[in-house]
Each structure stands twice: as C-alpha cells, then as structure tokens.
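Numbering (the numbering used here), first residue to last: 354 to 862. In this text, a Cβ means the ideal position worked out from N, Cα and C, and glycines have one as well. Treat the numbers as computed from the prediction; the structure is a model and nothing was measured.
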Amino acid sequence: MGKILRLILGDQLNAKHSWLSQVNNEYTYVMIESREEGSYAPHHIQKVTGIFSAMRQFATTLQSQGHTVYYHKILYGTEANLRSILASLAHNYGINKIELQEPDEWRLREDLEKLEDQGFEISWHSSEHFISSSAEFQDLFEGKKTFLMESFYRKLRKRTGILMDGNQPVGGKWNYDAQNRKKLPKGHHPPPPFVPSTDVREELEDALKAKLPTIGKLDDPEHFYWPTTPDQAWEIFEHWLHYGLHSFGDYQDALTTKSWSLYHSRISFALNTKMIQPLEVCARVEAHYREHPEVPLNAVEGFIRQILGWREFMRCVYWHRMPEFAEENYFEFKRELPKWFWTGETKMKCLSHSIEQSLQHSYAHHIQRLMVTGNFALLAGIDPDEVDLWYLGIYIDAFEWVEITNTRGMSQYADGGWIATKPYVSSANYMKKMGDYCDQCSYNPKTKTEEDSCPFNALYWNFFDSQRDKLQTNFRLGMVYRTYDKMDTSVKAGIREKAQSLLENINEL
Ligand SMILES: Cc1cc2nc3c(=O)[nH]c(=O)nc-3n(C[C@H](O)[C@H](O)[C@H](O)COP(=O)(O)OP(=O)(O)OC[C@H]3O[C@@H](n4cnc5c(N)ncnc54)[C@H](O)[C@@H]3O)c2cc1C
Ligand code: SF4
C-alpha cells in the first residue's frame, strides 16, 4: 500500500490522466463498486454490468502497468457508501492523505467533501476530460435568466480552433441544423450498428447476487455490445466515421422502427465514463472531414456541435445551477409516471417502440428521448422527479450532470426556460412528419377528440391552454396561441374533456 490514496470513480476511466503517466508506489489507486452508487436509481442491468466490466478492466490495465491498485468489488463487505468504504480502507492502513478527481455529480462532491470532517487531508484534481471549465463561463452565466448554447458553442469553436478556417467557421456558417431534419426515405435501411463483444458474465452474476435494483434486459452476457475499453470505443467510433457520419446530419432527427441507433454514434457511454476524450473525438471528426471533403458539412458540424456545444454546455449549466436545479418544477406538476413507462406496454406505437427499445438496449437516440418519451411526460404533467428517475436509470449513458440538464431542463422545461427557449412538445403532426411510428399505431394521428384519436393531440392543446399564464408571453409561442384562440369554443371544450379523460386513464393508454 502506498502512503496516499487516489480515488478513481466508475466514470473516471481516463487512461490518459496525468496521474497515470508515471508509476509511483507512493500512491494506491482505489476503485470501488459501491451498493449506494448501484442503487440511487433503478439502473438498467446493462449500465451496471457495463460499468463494472469497464472498471475491472481499467484496474487490470493499471496493475499490468505497475500501478498499485486496491479494487473493491460489489460483493465485498457490508459497507454501502463509497466514502465509508474509502475511509475504512484508509484507517486500516493508517493513511491520512486522499487525492480525488473532481466528480461530475453534485451529490458525490458533497459527500466526498465530508472526508475532510473525518480528519483526512484531501486534495482535488481535474478529471482532465472536459474541454471547457465552469469557471471559464461563470461570468457569462452570472445574472442571466437564460443563456443560449449557440453563444457558448461559438466561443469554444474559436478557442479550440475546431472546424475553423482562421477565425471563420468552416463553410462560412456556424450552424447547419436546419438541414438536419429529414425523415428516412421509404425503402432506406440504415446499416446495422457495429458492436464489440465482451464476456461480462462474471459482472452480471455479481450484480444479480448483490440484488441491486435493476431494470431492462441483458440477453447475451457472453457478447456484451457496449464498449468497455478505450480500444473498443475507438473501434466503434472509427467504424461509425466511415459508415455513419455521412448520414448523421440528414437523419439525426428521424424516428423509425427499422433501426435502434440509426446513424447515431453510440459513444455517449464511452465519453461519459471518460474512456475517450471529447476533444480527441471532435479533432478526429474534423481530420476525417478534411481527408474526405465529400462528407457533408451539415453532418460534421452537427456532430461536433453535440459534443463541443451541447455536452460541454450542459455540464457548465449543471455546475452553475445546482443544487437548486434538481428541485425546479416550473409547472408544479405532480402526476405519477404511467406504469407502462417501465414495461413499454402501451398501444401508442411511438412510446411502446421507444420504451421497449430502451429496455432492450439501454439506449434511445436524442429525438426519441426528447420528442417521444419526454414530450409525452411533459404534456401529461408528470412530476419531474419521476421523469428524472426514469431517465437516470434506463440509459447506459445516464449520469446526473448530463441527464438532469437534458431531462428537467431541455425536455421538461422545469427550469422555466433557462436551457430551452420554449417547451419541446408536439402533437402527432411532428411524429408523423419525422417517422413511421404513426403508420403502425392503433391511434389516429389526424384527429383530436374521437375515441381512437392520438392522445398527443388533445394533450398538446390542453397543455398550452392550461399553462397559458406561464407561456403566453413567450415570443416563440405566439403562433401556437393564435391557432388555439381561433378554435371554436365547442372544439376547445371537446379537447379539454378528452384530455381530462386521457389523464384519468393514463395507465390504460
Ligand atoms: C430527456 C433527455 C435525456 C438525456 N439524457 C442523457 C444522459 O443521461 N446522458 C447523455 O450522455 N446524454 C443524454 N441525453 C442527450 C442525448 O440524447 C444522448 O447524449 C445521445 O442520445 C447519446 O447517443 P449517441 O452517443 O449515439 O449520440 P449522438 O447522437 O451520436 O451524438 C454524439 C454525442 O454528442 C453528445 N450529445 C448529443 N446531444 C447531447 C445533449 N443534448 N446533451 C449532452 N450531450 C449530447 C453525446 O455525448 C453523444 O454521445 C439526453 C437527452 C434527452 C432529450
Ligand atoms: S398516432 Fe399518436 S400515439 Fe400513435 S404513433 Fe403517432 S403520435 Fe404516437
């Protein structure tokens, strides 16, 4: 045992961290599978197993490089809390100094700070992963009621030089989002996603024996298909660069039952556990574009914006707005999540497909999360705490800093518009325009108040009607209210009645 403990969390698997550049036996690297971390939400079984597998392989790599590692498996001992396990270890070996990388989650930071009260000498170090720092944007955020991602993104493009020609954006425009909204053409089949294969039977068995509260499926633990090492993550990414990037932009928002990941990269798990680094990913995409100028710029810019823009932005918002952010509930919604969110058993095809896919793969792409499940939850007035818990558990990439900002902020507008300039809601129109779900649904997307009318339609108008005092002055919603106000009084009454009945029978939809 070295004289100093260095904690590495399950989402700090950054093999390029400067801590690891030299072997020094003064340090013992501590990695802990804790019951508390495994159960603060009902996590998807693929998420728990994937994290254990990635952590165990990371520890083995460190050991093979000569580092001293103490690895605490989930089934060791009875202590549940990560800090307590760490503190007991330090006490047992008479160690007083503990070094930590800054956690991404508020909850963990707060808890680990208590080590100081327990008499330990602690020091904080950067996780050396993110491109921006909260401090860099503190002044820009201070005193603002809203802050646009776009300004943040442009600043980072200029600072990093990513996708820039001198001080101008490549192609002359900063953002090509308007070109990224196509439906999949009829007869178009995206290629099957490239997947690695890892044997995670041992990790699965441990998670099951530990009786962690899990959801979802893991059908074939001998061939686990999420990356659990940096090499696997890069392999997936390189394959996607050649076979996915060209159509990423066009079909980024498409909704289909034909493919579970379309042209999306599926690298969020590897990024969020820090197996790969965001700046390297962006630079690799840009280099590929410079070597292959035939790749559409709307795809390249669109992808880089997700990482350099949205991902970095969400992290800065998180640290700027927590802990109050986690309490926000602008519309004061209190309804329980329908039971079928946990099973996918609903007649609404868009929801049954997106939820079943999430239970099957621990994955849904952005528009499924935002415009299908998130859209329904907001229109139905579900308590944001319930919505957060579901998103935090079900997705393999869900870690609070990026889950809560997307869910409570972008999707549920529970922050009153700090992140999104208007609520992301739609009627069946959008779903029909962007995909093939409605063609396979037992509800009718075209009507509002009939027996078989799509529930999204009445709920959509009812939402704007019932939230008028909070939304009417939003300049982006003028058109919505003008359209609603032109409706006949009897139509409006029918919508209210229909919405009421849908909400009363929400578990039967
Ligand atoms: C309600 C809701 C909840 C979400 N929860 C999470 C979450 O828990 N964890 C998470 O990583 N992402 C979350 N997202 C953002 C986004 O949906 C996922 O990052 C993306 O679907 C991951 O799949 P991918 O790697 O194939 O992404 P791609 O579409 O290929 O995009 C590439 C990368 O860009 C980043 N990215 C894209 N959009 C966002 C965004 N809005 N915020 C932050 N990063 C983004 C991700 O790192 C992603 O891997 C959520 C979005 C919504 C609407
Ligand atoms: S008709 Fe409505 S419920 Fe059915 S798939 Fe379309 S949007 Fe979803």
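Looking at C-alpha atoms only, which residue of Glu633, Glu591, Leu360 and Phe622 is the closest neighbour of Ala407?
Residue numbering aside, residue 407 sits at position 54 when the sequence shown is read from its first letter. The shortest C-alpha separation from Ala407 is found at Phe622.
task = Output the distance between the C-alpha atoms of Tyr424 and Ile385, rounded to the nearest integer angstrom.
result = For the purposes of this step, residue 424 is taken as residue 71 along the sequence shown, with counting starting at 1. For the purposes of this step, residue 385 is taken as residue 32 along the sequence shown, with counting starting at 1. Near 6 Å, if we compare the C-alpha coordinates of Ile385 and Tyr424.
Going by DSSP in three states, Ser614 sits in which element: helix, strand or coil?
Position 261 of the sequence shown, counted from the first residue, corresponds to residue 614. Here Ser614 sits in coil by DSSP.
Problem - CB of Leu366 within 7 Å of CB of Phe411, strictly - result: What you label residue 366 is simply residue 13 of the sequence shown in a count that begins at 1. What you label residue 411 is simply residue 58 of the sequence shown in a count that begins at 1. Taking 7 Å as the Cβ cut-off, Leu366 and Phe411 qualify as a contacting pair.
Proximity to Ser795 [Cα-Cα], best of Cys703, Gln713 and Asp818:
Position 442 of the sequence shown holds residue 795. Comparing Cα-Cα distances from Ser795 to each of Cys703, Gln713 and Asp818, the minimum goes to Cys703.
Margin query: Quick test of your reading: Leu608 and Tyr790, contact by CB under 8 Å. State the CB separation rounded to the nearest angstrom.
Written below: Taking the sequence shown and counting its residues from 1, the one referred to as residue 608 is at position 255. Taking the sequence shown and counting its residues from 1, the one referred to as residue 790 is at position 437. 6 Å between Cβ atoms; contact.
What does the shell around ligand 2 hold, if a residue joins when its beta-carbon is under 7 Å from any heavy atom?
Residues close to ligand 2 by the beta carbon criterion (under 7 Å to any non-hydrogen atom) are, from first to last along the chain, Met701, Lys702, Cys703, Leu704, Ala781, Met784, Lys785, Tyr790, Cys791, Cys794, Tyr796, Asn797, Pro798, Cys807, Pro808 and Phe809.
task = Return the chain-ordered ranges of every beta strand (DSSP E) run that is complete within the stretch 380 to 446 and spans a minimum of 3 residues.
result = 380 to 385 and 421 to 425
_Backbone CA spacing between Tyr604 and Met840 [nearest angstrom]_ = If you number the sequence shown from 1, residue 604 lands on position 251. If you number the sequence shown from 1, residue 840 lands on position 487. Looking at the two C-alpha atoms, the distance is approximately 34 Å.
Any heavy atom of ligand 1 closer than 6 Å to the CB of Ala751? By 1-based counting over the sequence shown, the position of residue 751 is 398. Answer for Ala751: yes, Cβ within range of ligand 1.
Handout entry: Bridge-paired residues (DSSP) for Gln454
Key = As a first step, residue 454 must be located in the sequence shown, where it is residue number 101. Note: Gln454 sits in a beta bridge opposite His478.
What is the DSSP secondary structure of Gln853, reduced to helix, strand or coil? Position 500 of the sequence shown, counting from 1, holds the residue named residue 853. The answer is helix: DSSP assigns Gln853 an H, G or I state.
Worksheet entry | Lys700 at chain D interface by Cβ criterion, 7 Å | Among the chains in the structure shown there is no chain D, since it carries only a single protein chain.
Exercise for review: Please report the residue range of the beta strand (DSSP E) in which Leu358 lies.
Suggested key: In the sequence shown, residue 358 corresponds to position 5, counting from 1. Unbroken beta strand (DSSP E) run through Leu358: Ile357 to Leu360.
Original post:
Beta carbon of Pro631, beta carbon of Ile484: below 7 Å?
Top reply: Counting from one through the sequence shown, the residue named residue 631 turns up at place 278. Counting from one through the sequence shown, the residue named residue 484 turns up at place 131. For the 7 Å CB-CB criterion, Pro631 and Ile484 form a contact.
> Hey, is His425 close to ligand 1, as in C-beta under 6 Å from one of its heavy atoms?
Replying inline: What you label residue 425 is simply residue 72 of the sequence shown in a count that begins at 1. No; taking the cut-off as 6 Å, the Cβ of His425 has no heavy atom of ligand 1 nearer than that.
**Request:** Consider the C-beta atom of Val320 and the heavy atoms of ligand 1; say whether any pair is separated by less than 6 Å.
**Result:** Only positions 354 to 862 of the chain appear in this structure, which leaves residue 320 out of reach.
Say the cut is 6 Å; is the CB of Glu756 nearer than that to a heavy atom of ligand 1? Here residue 756 refers to the residue found at position 403 of the sequence shown. The answer is yes for Glu756.
task: Note the first and the last residue of the continuous alpha helix (DSSP H) segment covering Phe490.
output: Taking the first residue of the sequence shown as position 1, residue 490 is located at position 137. Its alpha helix (DSSP H) spans residues Ser487 to Phe494.
Query - Expected contact under 8 Å - CB spacing of Met517 and Arg510 to nearest Å - result: The residue labelled residue 517 in the question sits at position 164 within the sequence shown. The residue labelled residue 510 in the question sits at position 157 within the sequence shown. Indeed, because the Cβ distance is near 6 Å, the residues count as touching under 8 Å.
Inset, instruction - Identify every residue that forms a DSSP beta bridge with Met517. - result: Here residue 517 refers to the residue found at position 164 when the sequence shown is read from its first residue. Pro522.
Measuring only the C-alpha atoms, how far is Ser480 from Thr696? The sequence position of residue 480 within the sequence shown is 127, counting from 1. The sequence position of residue 696 within the sequence shown is 343, counting from 1. Looking at the two C-alpha atoms, the distance is approximately 37 Å.
Outcome for Asp606 when other beta-carbon atoms lying within 10 angstroms are tallied against a minimum of 16: As a working mapping, residue 606 is identified with position 253 in the sequence shown. Classification of Asp606: buried, given that the 10 Å Cβ count is 16 or more.
| message | Taking 8 Å as the limit between beta carbons, can you name the residues of its chain near Ala560, skipping five residues before and five after? | response | For the purposes of this step, residue 560 is taken as the residue at position 207 of the sequence shown. Setting aside the 5 residues that flank it on each side, Ala560 is surrounded in the same chain by Gly391, Ile398, Val401, Thr402, Phe405, Ile427 and Thr567, each with a C-beta closer than 8 Å to its C-beta; the list follows chain order.
Check the DSSP bridge columns for Gly788 and list the partner residues they point to.
Walking along the sequence shown from the start, residue 788 turns up at place 435. Partner(s): Leu608.
Would you be able to state if there are at least three C-beta pairs under 8 Å between the stretch 708 to 723 and the stretch 797 to 809? no
Pop quiz: Lys687 and Leu862 are said to be a contact at Cβ under 8 Å. What is the actual Cβ separation, rounded to whole angstroms?
As a working note, residue 687 is residue 334 in the sequence shown. As a working note, residue 862 is residue 509 in the sequence shown. In fact, because the Cβ distance is near 19 Å, the residues do not count as touching under 8 Å.
Which word fits His576, buried or exposed, when buried means at least 16 other C-beta atoms lie within 10 angstroms of its C-beta? One-based indexing of the sequence shown puts residue 576 at position 223. Answer is exposed; the Cβ neighbour count stays below 16.
Here's the rule: buried if 16 or more other CB atoms are within 10 angstroms of the residue's CB, otherwise exposed. What is Phe828?
Within the sequence shown, the letter at position 475 stands for residue 828. Exposed, since its Cβ has fewer than 16 Cβ neighbours within 10 Å.
Open item on the list: Rounded to the nearest angstrom, what separates Met784 and Met724 at their Cα positions?
Closed with: Counted from its first residue, the sequence shown places residue 784 at position 431. Counted from its first residue, the sequence shown places residue 724 at position 371. Roughly 8 Å between the two C-alpha positions.
*Cβ neighbour criterion (16 or more within 10 Å) applied to Asn728*: Translated into positions along the sequence shown, residue 728 becomes position 375. Buried.
Own chain, CB closer than 6 Å to Ala852, minus 5 neighbours either side, in chain order:
Locating residue 852 in the sequence shown gives position 499, where the first residue counts as 1. Correct list, in chain order: Ala811, Leu812 and Asn815.
Cβ neighbour criterion (16 or more within 10 Å) applied to Gln585: The count along the sequence shown starts at 1 and reaches residue 585 at position 232. The residue in question, Gln585, is buried, as its Cβ has 16 or more Cβ neighbours within 10 Å.
DSSP has Ser779 in a bridge; who is on the other side?
Locating residue 779 in the sequence shown gives position 426, counting from the first residue. According to DSSP, Ser779 shares a beta bridge with no other residue.
Determine contact between the stretch 753 to 769 and the stretch 452 to 459, defined as no fewer than three beta-carbon pairs at a distance below 8 Å. Because the criterion of three Cβ pairs below 8 Å is met, the stretch 753 to 769 and the stretch 452 to 459 touch.
**Asp492 versus Ala640: straight-line alpha-carbon distance, rounded** = Locating residue 492 in the sequence shown gives position 139, where the first residue counts as 1. Locating residue 640 in the sequence shown gives position 287, where the first residue counts as 1. Using only the alpha carbons, I get a separation of about 33 Å.
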